[in-house]
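Numbering (our numbering), first residue to last: 587 to 902.
Since the structure comes first, as structure tokens, the remarks are kept for the end.
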Amino acid sequence: MVNKVAFVFPGQGSQAIGMLSEFAATRSSVLDTFAEASATLGYDLWQLIQNGPEAQLNQTEFTQPALLAASIALWRLAREDGVAEPDMLAGHSLGEYSALIAAGVIDFADGIKLVQLRGQFMQTAVPLGEGGMAAVLGLDDEQVSAICSEITHAGGTDTVVQAANYNAPGQVVIAGKNAGLALAIDACKAAGAKRAMALSVSAPFHSVLMQPAAEKMAVELARVDFHPPVVQIIQNVNADFCQQPDKIRENLVQQMTSAVRWTETIQRMAGAGVTRVVECGPGKVLVGLNKRIDKSLESLSINSLASLAEATKELG
587 MVNKVAFVFP GQGSQAIGML SEFAATRSSV LDTFAEASAT LGYDLWQLIQ NGPEAQLNQT
647 EFTQPALLAA SIALWRLARE DGVAEPDMLA GHSLGEYSAL IAAGVIDFAD GIKLVQLRGQ
707 FMQTAVPLGE GGMAAVLGLD DEQVSAICSE ITHAGGTDTV VQAANYNAPG QVVIAGKNAG
767 LALAIDACKA AGAKRAMALS VSAPFHSVLM QPAAEKMAVE LARVDFHPPV VQIIQNVNAD
827 FCQQPDKIRE NLVQQMTSAV RWTETIQRMA GAGVTRVVEC GPGKVLVGLN KRIDKSLESL
887 SINSLASLAE ATKELG
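In structure tokens, the structure reads:
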């Protein structure tokens with residue numbers, strides 16, 4: 587089997603004040619990418635990620651365009667420096683939009699606009715303080731799903747809770763109403779979870795509670811031109827390849843209320859012949875998850891000048 591390479595793009599949580607700062611002096615295309623984003627958004631995105639305030643960068647409507655711009659800036663650098671086009675692409679939650687831009691499905695300017703709106707819609711879908719997310723470590727996916735289902739059925743709309751991210755074996759994030767989350771945390775601990783803890787996230791992303799956001803997002807996505815991908819892309823909602831522009835768009839709407847199937851995504855890549863997975867974006871969150879999913883995969887990252895040089899050497 588041919589050894590294939592996949593690029594993956596991170597989602598929220600990988601942002602940091604000062605990210606990509608080392609590129610500013612020597613790689614003008616990074617600033618060009620952020621200038622393009624800033625012109626579309628109407629504010630200086632580079633200034634925000636370099637100087638903060640951090641509280642603003644961590645607000646979802648600012649986090650999402652910041653991470654998308656950073657990931658695409660790094661993707662463009664890699665291609666400029668001669669890194670070969672990968673065999674397939676995927677992104678975690680927000681990162682799926684970066685993957686779609688890299689695959690030629692949507693334009694960068696459209697992507698930046700979409701993720702800013704996505705952040706706004708997600709933040710306002712549930713009143714602040716009514717819902718959130720929690721991480722569960724040490725239980726099987728099926729155990730966590732069953733616990734969430736039981737609590738939701740018992741309490742109805744007051745205790746809605748569901749799996750939101752299947753991140754790696756034994757690592758699931760759940761989302762829902764606060765009452766449902768509290769019950770699920772206790773039930774997961776009783777079932778033998780190593781840890782079950784609330785996350786400092788302001789809304790229950792990737793749950794049915796995001797339905798108002800999904801409906802608004804469907805309207806915005808319908809306004810954007812989608813093209814067939816030039817590189818195979820695996821989407822979050824079903825961990826499967828998709829080539830049809832209309833279906834890709836439909837899956838993005840469904841992504842708002844459905845779990846991110848990251849474990850299955852990486853397994854799908856490995857099953858399709860991928861032996862190297864490159865995380866293209868700030869941080870190394872996905873590198874860590876991917877090693878837990880399949881230790882046989884070689885993991886690289888592109889998030890600094892040094893790692894870009896290493897990737898260029900390995901994949902040029």
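Just so it is clear, CB atoms sit at the ideal spot from N, CA and C, and this is done for glycine as well.
Test item: CB-CB of residue i and residue j under 8 Å
| i | j | result |
| --- | --- | --- |
| leucine 807 | leucine 714 | no |
| glycine 718 | alanine 779 | no |
| arginine 704 | glutamine 748 | no |
| valine 616 | leucine 606 | yes |
| valine 591 | leucine 901 | yes |
| glutamine 709 | alanine 652 | no |
| valine 794 | threonine 843 | yes |
| glutamate 682 | glutamine 797 | no |
| isoleucine 546 | threonine 849 | Not covered by the structure: residue 546. The range shown for the chain is 587 to 902. |
Which residues DSSP lists as bridging residue i, in chain order
| i | result |
| --- | --- |
| isoleucine 820 | Phe827 |
| methionine 674 | Ala592, Gln818 |
| isoleucine 888 | Cys866 |
Residue i - DSSP class collapsed to helix/strand/coil
| i | result |
| --- | --- |
| isoleucine 658 | helix |
| arginine 847 | strand |
| valine 669 | coil |
| threonine 861 | strand |
| lysine 877 | helix |
| methionine 855 | helix |
| serine 893 | helix |
| glutamine 650 | helix |
| alanine 789 | coil |
| phenylalanine 609 | helix |
| asparagine 837 | helix |
| leucine 883 | coil |
| aspartate 832 | helix |
Terminal residues of the beta strand (DSSP E) in which residue i lies
| i | result |
| --- | --- |
| arginine 781 | 781-784 |
Residue span of the alpha helix (DSSP H) that contains residue i, given as start and end
| i | result |
| --- | --- |
| serine 624 | 614-627 |
| glycine 766 | 764-776 |
| alanine 800 | 797-808 |
| leucine 634 | 631-637 |
| alanine 602 | Neither: alanine 602 is in no alpha helix (DSSP H) and is coded neither H nor E. |
| glutamine 642 | 640-643 |
Those runs of the beta strand (DSSP E) which lie wholly inside the stretch 677-761 and span at least 3 residues: 717-723, 747-754
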